[in-house]
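Worksheet for the structure shown next.
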Amino acid sequence: MSIYSSKLGYQHYQEGEYQQAVSCFTKGLLFDWGCVDWLAHCYKHGYGVEQDLSMAKDLYSSCYNSSTCIQRRNSYFQGLRKQMDALQHIPDYQAITRYIDGIGNVRVVKSRNVIEPRMRCNQDEILVTVEDSQPFLLGISYALYYVPRSNSEWTCDGQNRYYDGYTLQTDHFRLQVQRGTTDSYVSQIDGELCQLFFPKNACLDYFYVQKFIHRKVKDLLFKRAKQVLPGVLRRVSERIKVPYEECEVVRTLYSYAARNYDQGKRIALSTTCLQLPKESLEALCIHELTHNFIGGHRAEFYHKLIELGGKEAYQLDKNLWKEDKWPYLQI
Ligand SMILES: [Zn+2]
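Each residue of the sequence shown is one higher than the one before, counting from 32 in the working numbering.
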């Protein structure tokens with residue numbers, strides 16, 4: 032989500048394109064705290080948005096309140112403090128309902144007890160709770176980002192959203208998500224076909240339903256990964272004649288898709304690898320097996336990789352991390 036960062040917003044701001052700037056800052060609230068004070072500035076002066084001093088005050092104070100005591104001594108936070116003090120007489124935001132096109136009424140309530148924004152979909156409004164120190168607008172951004180629009184079509188994309196009849200075909204599995212005939216979730220694997228049936232009355236517009244389906248999909252594909260990945264690694268290892276001791280399929284690996292521990296004692300592959308095209312997955316296996324000889328990713332590592340797997344594997348391995356095309360699902 033880096034395209035919605037404070038940096039891009041600031042570029043627009045400098046060009047005098049205030050509406051685009053505000054839009055970037057608002058969307059960035061969920062990912063980039065640098066947006067908060069910029070947005071405060073825009074609300075205070077009415078740049079790209081109708082002037083709203085309560086909003087400015089809310090944003091300035093959430094920025095200030097999220098800092099540590101030591102940070103508060105530096106000039107940036109002292110500047111924030113001044114901005115807050117100047118708006119002291121402005122009334123606070125409490126629970127305010129805002130209508131969002133395609134979603135409906137969203138009400139944001141501050142609470143001292145939430146770790147992240149939480150959402151409840153009531154019949155005629157969506158209630159979002161944010162922490163005391165978080166800005167009011169964070170709740171709105173959260174709703175904008177996570178609540179599927181009820182009148183526009185949506186599919187499962189980078190945000191992991193599913194619809195009845197969702198199908199994802201890759202080289203190693205065919206995932207089908209559809210409405211079942213019972214009140215519970217049913218999953219089954221038959222060869223490459225991985226099926227998940229969600230309860231017959233489930234409402235897919237609800238974020239928590241989507242989240243639950245996604246959790247079930249993760250479990251299903253983890254099972255499939257355990258069927259597929261060890262075999263691929265074994266075949267590649269035999270082909271390039273580089274042995275290893277143990278292959279482990281794991282749900283996730285912190286910031287890697289695969290990892291080689293102790294020069295081939297154990298090679299871990301995460302479920303995510305299952306989504307790779309056949310050749311790219313093989314290239315990844317070659318990459319990991321190359322680590323039996325060389326740690327790190329210096330030039331000599333790639334020379335060895337080419338020696339073992341050829342130029343094609345090298346190219347595929349390089350593109351693996353360049354292209355953002357996969358994974359389709361964050362599993
Ligand atoms: Zn590596």
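Beta carbons: idealized from backbone N, C-alpha and C, even for Gly.
Candidates Asp116, Lys309, Gly196 and Leu284: which alpha carbon is nearest His6's?
-> An answer regarding residue 6 cannot be provided, because it is not within the stretch 32 to 362 covered by the chain.
Sorry if obvious, but does the Cβ on His120 come closer than 8 Å to a heavy atom of ligand 1?
-> no
Option nearest Glu313 by Cα separation, candidates Leu351, Glu331, Val281 and Phe56 | Leu351
Would you say Val248 and Val208 are within 9 Å of each other, going by their C-beta atoms?
-> yes
Determine the extent of the beta strand (DSSP E) in which Leu61 is found, giving its start and end residues.
-> No beta strand (DSSP E) holds Leu61; DSSP gives it neither H nor E.
Express the C-alpha separation of Cys73 and Gly295 in angstroms, rounding to a whole number.
-> 55 Å
Anything with a beta carbon under 6 Å from a heavy atom of ligand 1 counts; list them all in chain order.
-> His318, His322 and His328
Paired residues, beta bridge with Asp221 - DSSP = Leu224
If you draw a straight line from the C-alpha of Leu39 to the C-alpha of Arg255, how long is it?
-> 40 Å
N- and C-terminal bounds of the beta strand (DSSP E) containing Ile127 = Ile127 to Ile131
Report the residue ranges of all beta strand (DSSP E) runs contained in full by the stretch 274-309; include only those spanning at least 3 residues, in chain order.
-> 277-281, 289-292 and 297-301
Look up Cys187 in the DSSP assignment and say whether it is helix, strand or coil.
-> In this prediction, Cys187 has a pLDDT of 43, which is less than 50 and means its spatial position is unreliable; what the coordinates show is noted afterwards. Note: Cys187 maps to coil in three-state DSSP.
Kindly indicate which residue of Phe228, His322, Gly170 and Ile127 has the alpha-carbon position closest to the one of Ile146.
-> Gly170
Where do the N-terminal and C-terminal ends of the alpha helix (DSSP H) with Tyr44 fall, by residue?
-> Ser37 to Gln45
Is Gln109 near ligand 2, with its Cβ less than 8 Å from a heavy atom?
-> The model depicted lacks ligand 2 and carries ligand 1 instead.
Quick one: give me the first and last residue of the beta strand (DSSP E) that Gly135 is part of.
-> Gly135 to Ser142
Tell me whether Pro166 is buried or exposed, calling it buried when 16 or more other Cβ atoms sit within 10 Å of its Cβ.
-> buried
Comparing alpha-carbon positions, which option in Tyr107, Ser172, Glu162 and Lys113 lies nearest Val53?
-> Ser172
Beta carbon of Asp89, beta carbon of Asp123: below 9 Å?
-> yes
Cutoff 6 Å; reference Asn136; Cβ partners in own chain excluding five residues on either side | Thr128, Tyr130 and Glu156
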